[in-house]
Structures are given as structure tokens and as C-alpha cells.
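Protein chains in written order, with this note's numbering: chain A, 158 to 692; chain B, 84 to 380.
Even glycine gets a Cβ: it sits at the ideal position worked out from N, Cα and C.
Laid out in C-alpha cells, this is it:
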């Protein structure tokens, strides 16, 4: 009797628990569904909005892609199957845009002359040339002007001879507008725009003085400019663009510039008119990198130094790390924990800061190393080509040995001690036992990490750029490059440092690095057979 | 060394020599390494306490003690250090949390589900990861430039845009690391939960994620530290001083003023390093075991 009661009570309790759990699951499921609908709703709203803006700006291809992606994601999450896709979609979306696409896009840019002076379309270039060379037309009419603003952008509102109100901005030529309010010959209200007050005019004086509003779609018609924000005058360019022959003519000197097919107008004598525009130049960038002496030379020694640096970095940090791991792997040694704590510090300290701090310590005149350690010597740690290379290796040793120490310690501890003991029983000396038995085993487990460390140092931008800036600079090179630059810092400097940016050439270098990295990776993976472990 | 003192006195010369040959020299090596490892950090800490100091005054270690540089650091309108700090934390924590979430979702799919293209997907991720995003910096800049022309909120000079770029690298090494860890959790746990009526989302969020939290912590920390130090993409994308990160801001600060305000820079460096160093030391055990797990795979 007793037992059956307990069973019944148990069963009831079990039922209750199950019911509670089911209710819980159901309520969680309901909340998840709500969350899902909200998130997807927001996502869809965003993608519809984005697509509309894109279509409005005539970016048809990208707009369509946005719509398709939005629909695809909605479909993935609103059907019962396709479970893996539900988990992979978010990461893969970002991966495709910001990693796969940009790599392909690098490939495209490498085939263009994109860079300073070649940033935009031919139409923009023609406008820009004409804007830069404008003079006021003598005896041209004066327009009473009101400066207005629309979403942060300045625009001109002027009254034409016939009394109608015209509005235009830098990108939009003057056009008649209805509904503007004119009081005593001054425009005081323009629909869709805000009229700037006097103080606002003063604040944006700089912007105002460079603003030129085209009179017409035809760039030769000239543009309106102002000095005081009250009156506008007609300015025309010294250059005349002839659409039928596709030439620019300087009306003062009479010289004619034709489209040379390389993204700029040129005279017969080869004089270029800047800015130019973006065109495909085929393999030009690669050809330049390989044939032009002032680029090929630096490219070759930068590549050689990149390999040397990556190899020496791995070798030096590994040797020191392994040595320390062996030294500290003796259980009889006390306070090992404290030593380890201090040793990890360089690894924990942010890398870019380490390089900047070391750059200060290695300063030739005032740095700690010269002033204190070497008693006022003037050793050019960072400005002599070879010493700068040595400095980079020293700082990298400081940065990298803790990591190697940690992984070597881990690997050493996972190798059974009996192996060494057995070898010593057989008469091997400690060092011999280590070299013949432990070291090969250690290498097996450490090898993949050495390879990834090599790959990391191959692109160790922060260290090089923060410590030496790639310098000392090579004056003879045709590009901004120095004797400690590695490939990645060279790409950065060609693209983003200094007055001249050459995105095309920088991308061509990137593509060359892709090939180098790819080849090394394939060989490395063949060797370690890491891919075969995937199952 | 100190603790060996009492032993040494009780030992005869010969046994000291034996002790030294076996253990003692290790302490000498240890001391040398401690000096090498800690010196630059001690130096920068000392420089930060030296008010109004330049490189040359920083050479007298702890010659002058004051917190003035830390005060100055926050009163420089041209170098908004406080804004850099907050930006760095915001970007770092958001990108790191996002990376962990995206990576964990993918790792779960690869570890628990069998679908066509799974092996290819895993290999693909490893392959794509061999080409660091860094190499495509020009293309990333141009992409964000053209996005910014239409959607300024996520284009050039936008922190959200920068975080999105970082999330592009969320899969890859992280997923691979987590995938290995997910595989060590027995599938019978999932199955038991499924029999109890839990859906896949519930299993993932309430059962699996807590079980794999050690690896999530490691990946979060590693990607946080990586984001905090990231210079290239941040310097290319973030233009306004108010929007920049510590790495970009402090580099420009030091490169513009060279040795003029060394102590203010040092104060900035100390503050910038506090969070990663503290996190690192606190989570040391996990990181080391994570690295070691990686090394003896």
C-alpha cells in the first residue's frame, strides 16, 4: 500500500514537473518567436529602405543584391528546415561582404589607376578642372543672392532677370523653383531649404568662398560664385570642353588637351591636366611593380626583409621561449609562479603601446638606452638601416617570447616524464635525452603554432609601423618605402601616407602578397596535414 | 632568491654548489628575464609619474612623483583622450561580443549538424582566414567610402561601420577554436534535452552555451585584445579625432609631438593598458589552457 502511494505521489510530482517544463518551453518558444519576428522585421525594413535609397541613386546592382539578401535571410528563418543555414547565415553574411568581397575588390582595384588625381569619373574630372580655373566674366550681370541650406549642404537661391527664383548647389545646376517668397527684392524663404542667418554665413565663410554653382548642365556655361554671400557673379573657366572631339582647350594659351586613354587629358608634348579620372589600366600596376627600377628594387628588398623578419622572429622567440620553458620546468624550483606572472606581462601589454614605448627608449638623443645604459652614446638604433632591423628583432623578441614560453611549457608538460627517465636508464645524458626524445615530440605539437606565428609576423604591421615607421626612408625609391618596411606596411604607406595615394599600385602589391601568403599556406598545410584532421 | 638564504647558510659549500648547478642558476636566468620583461613597463610607469616630462627627464626613474600628467591627459582639446578611451571600449566590447556570438553559432552548426557542404565550409573558413583582412585594407577603405556616400551612418568615419568590418573576420580562427571545444561536449546532452521537448534554439542558448563558456571567454578576450590594438583599419576608417580609438589617437599624438609630451603619452599608455592587462592576468589560467589545448591538439 505504502509503496503504491509513493509511486502515485512521485508520478504526480513528475507530471507537475513535466507540465511546468512544457509550459516553460512553450513560453520561451513564444518569446523567441516574438524576438525572431521583431529582428527580421527590423532587418527587412532596413533592407527595403536601403534598397530604395540605392535605387534612387541608380545603384541598380547593389540595390538588387540587398533585396535578394533580405529575402533570402527571411526565407531561411521562416521555414522549418535549413537548420544549419540558420546558424551559419549571420557570420557568413559578414564574411562574404567584408572578407571575400573585399579580397575580390582588391583584385579589381589593382587593375585601375585609382588614387590621388584619379578618384572619380571623367564627368567629375571635367567639372573639377573647370572649377579650379575660373575667372570672373567682365561686365557680367550681378545676381542678388540668398544662401540657403539643404541637409547640411549649401545652395544658392538667386533672382533671375525675369524675376523668377532659381536654386542650385555644387552638384545641381540652377533650376527654377516655385513657391519662393521674395520681399523687397530679397529671397526670404525657399521651400525645402533653410535660409542662412548672417552669423551662420560668417561661420561657413570658408565653405562659401569655394562654392561654385553651375549655371547649366553644360560645364562651359560657367558658374555662379560669391565673396560676400549677398551678390553672385558669373565665372567661366579658362578651359573649354568640346564634347564632339572630347578635348579640353585652354582659351588663353590655345593649347588643346586630348583624352590619352590613361585617365587624364594630355597635350601632345605629354603635359597632363589634373585631376584625371579612374580607368582600367589592365596589368599596368603589376608591370610597373616588376619592370620599373625604382619600384622593383624596393619591392624585392622589402620582400626579402619580410621573409627574414618573419623567420627570425619565430626562431628567436621560439628559442628563448623554449629555453625558459625548460629552465622553469623543474618542479624543485620555487616561486615559479611569480616569475611566470612577470614574464607574461609583455604579452598582456597592448602591442602598439609596446612599440611606441620602445621607440621612446631607443631614441638616439634622449632615449633611456643611449642616455643611461650606454652612458650618453649616440647609437642610431632606429635610423641606421641595419641597427633599425636589429631593433625591430629585439622588440619583437620582447613581445613574442612569453607566448612561446607558455605554449612550450604546456607542450613539455604533456610529454610523459617516463620517456626521459627511460632514456636516462638506457644511459643517455639529460641533454641527449631531451634532443632525441622530447624535442621531436614537442615539435610535432608546436609546429602548427610556429607556422601561424610566422604568418602573424609576416603581417606584423603594428610593430614595424609604430617602432620605425618603416624607416629609415629609402630616398632613391620611387615610392614611400624604408629599409625596415615589410610588405604590409609598404602597402599602407603607398595607399594612405603622404600626399600621393596610389590605391591601384597598393592593391597590386596586396595581390602579390596574397599569392605569397597563399603559396606558403598551402605548402605549410600540406606538411602538417591539418586539413585532414577535419571531419 | 630570498627564500634560498636559510638553506644556503645551513649548507656546506659543496652542497651549495650542487644546489646552484641544479636549481640556483635557474633563478639567475629568471631574474634576468624578469628585468628584460618588466623594464619597459616600469620605465613607462615611471615616466607617467614625472609631470611635464620629456624623453630626457623620463630617464631618471621615479625621480619625481606626481599625478599631474594624468590630469593633463584629460585636458587636451586636440587629443580627446577620454573620447578615445570610451570609443575603444565600445568598439572593442561590441566587436568582441559579436564575434563570439557569430562564431559560436557557426561552430555549433559545424559541430552538431551534418549537412552537405559542411566539410567544404570548414575548409573554406580556414582557407579564407589565411588571407588576413589587413591585406585588403585598400579595398575596405574604398568600399566604406562608397557606402558612406549613400549611408553616412555606416560608411567611412563611422564606428558602426568599423565594427561591421571587424565582424567580417568573426568566423575563421575563432570558429575553428570553438568548433574543437564544442566537439568535446557529448551529443547525448543535446539528445536528452531534445527528448524533453526543447527546441534547437533553447538547447543552444540555455544548455550548450553555458557548457562551452570557458572557450567563449578565451575567444572573447583574445578578440577584445586584438580589437583594442588594431590600428590599420581603424586609422583608415575613422577620420574625426572625436571618433578615433586609442591606438589611432595615441600613435598620432606621439608622432606629431615626438618627445615633447612624453609623460602625458606615458600616462595615456598606462591607462590604455590597464584593462587588457588586468583581464589578461585575471583570466590567465583559461588563456594558458586555451593556448596549450591549441598546441597539443
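ask   = Hey, out of 373/A, 421/A, 408/A, 343/A, whose CA is closest to residue 386/A's CA?
value = 343/A
key: Uninterrupted alpha helix (DSSP H) stretches inside the segment 442 to 489 of chain A (no shorter than 4 residues)   = 450 to 484
ask   = If you measure beta-carbon to beta-carbon, which residues of the segment 570 to 589 of chain A are closer than 7 Å to chain B?
value = 571
ask   = Just by C-beta distance, which residues in the segment 665 to 680 of chain A are closer than 8 Å to chain B?
value = 667, 670, 671, 674, 675, 678
ask   = On the three-state DSSP scale, how would you describe residue 271/A?
value = Residue 271/A falls in the coil class under three-state DSSP.
inquiry  = Am I right that residue 505/A and residue 363/B are in contact with their C-beta atoms under 8 Å? What's the rounded C-beta distance?
reply    = 4 Å
message = My output table needs one value for residue 364/A: the three-state DSSP class, helix, strand or coil.
response = helix
query = Considering only the beta carbon of each residue, do residue 453/A and residue 106/B sit closer than 8 Å?
reply = No, these two residues do not count as a Cβ contact at 8 Å.
request  = Please look up how many angstroms separate the CB atoms of residue 145/B and residue 132/B, rounded, as I've assumed it's under 8 Å.
outcome  = 7 Å
key: Secondary structure of residue 654/A, DSSP reduced to three states   = coil
task = Tell me where the alpha helix (DSSP H) around residue 251/A begins and ends.
result = 240 to 252
message = Relative to the C-alpha of residue 276/A, which candidate in 432/A, 643/A, 503/A, 242/A has its C-alpha closest?
response = 432/A
request  = Quickly, what does DSSP pair residue 405/A with across the bridge? List them, please.
outcome  = 398/A, 414/A
ask   = Can you tell me whether DSSP reads residue 330/A as helix, strand or coil?
value = coil
task = Verify the CB distance criterion: does residue 256/A have a CB-CB separation below 8 Å to chain B?
result = yes
key: Near-chain A residues of the segment 248 to 267 of chain B - C-beta to any C-beta below 7 Å   = 248, 250, 251, 252, 253, 254
ask   = When you compare only the Cα positions, how much space is there between residue 288/A and residue 166/B?
value = 38 Å
query = Hey, residue 191/B and residue 244/A are a contact pair by Cβ (cut 8 Å); roughly how many whole angstroms apart?
reply = 6 Å
Residues of the segment 289 to 318 of chain B whose Cβ lies closer than 9 Å to any Cβ of chain A, in chain order = 289, 308, 311, 312, 313, 314, 315, 318
request  = Under 7 Å Cβ to Cβ from residue 130/B, same chain only, skipping five residues before and after it: list those, please.
outcome  = The beta carbon of residue 130/B sits closer than 7 Å to those of 136, 141, 345, 346, 349, all from its chain and outside the five residues before and after it, given in chain order.
task = For residue 134/B, collect the residues of the same chain with a Cβ closer than 6 Å to its Cβ; drop the 5 residues on either side in sequence, then sort them by chain order.
result = 149, 151, 152
key: Neighbour-count burial assignment, residue 641/A, 16 or more Cβ in a 10 Å radius   = In summary, residue 641/A is buried, with 16 or more beta-carbon neighbours lying within 10 Å of its beta-carbon over all protein chains present.
request  = Starting from the beta carbon of residue 203/B, find every residue of chain A whose beta carbon is closer than 8 Å, and list them in chain order.
outcome  = In chain order: nothing, as chain A lies at least about 10 Å away.
message = Less than 8 Å between CB atoms is the rule here; does residue 327/B satisfy it with respect to chain A?
response = no
query = Can you tell me the Cα-Cα spacing of residue 196/A and residue 230/A, whole angstroms?
reply = Computed Cα separation, rounded: 11 Å.
request  = Within the segment 275 to 333 of chain A, note down every full beta strand (DSSP E) run reaching 3 residues or more, in order along the chain.
outcome  = Within the segment 275 to 333 of chain A, the complete beta strand (DSSP E) runs of at least 3 residues are 291 to 293, 299 to 307, 310 to 316, 322 to 326.
inquiry  = Output needed in chain order: residues of the segment 518 to 529 of chain A with a Cβ under 7 Å from some Cβ in chain B.
reply    = 518, 520, 523, 524, 525, 528, 529
query = Taking Cβ positions only, does residue 270/B come closer than 8 Å to chain A?
reply = no
Residue 250/A versus residue 227/A: straight-line alpha-carbon distance, rounded = 11 Å
Range covered by the alpha helix (DSSP H) that runs through residue 586/A = Segment: none, residue 586/A is in no alpha helix (DSSP H) and carries neither H nor E.
Segment limits, beta strand (DSSP E) that includes residue 383/A = Annotation for residue 383/A: the continuous beta strand (DSSP E) segment containing it runs 380 to 383.
Contact the segment 514 to 529 of chain A vs the segment 603 to 613 of chain A: 3+ CB pairs below 8 Å = no
query = Can you name the residues of chain A whose CB is closer than 7 Å to the CB of residue 322/B?
reply = In chain order: nothing, as chain A lies at least about 12 Å away.
In chain order, each alpha helix (DSSP H) run of at least 4 residues that lies wholly inside the segment 95 to 119 of chain B = 96 to 102
query = What three-state label does DSSP hand residue 285/B in the structure shown?
reply = helix
query = Taking Cβ-Cβ distances below 8 Å as the criterion, which residues of the segment 93 to 113 of chain B are in contact with chain A?
reply = 105, 106, 109, 110, 112, 113
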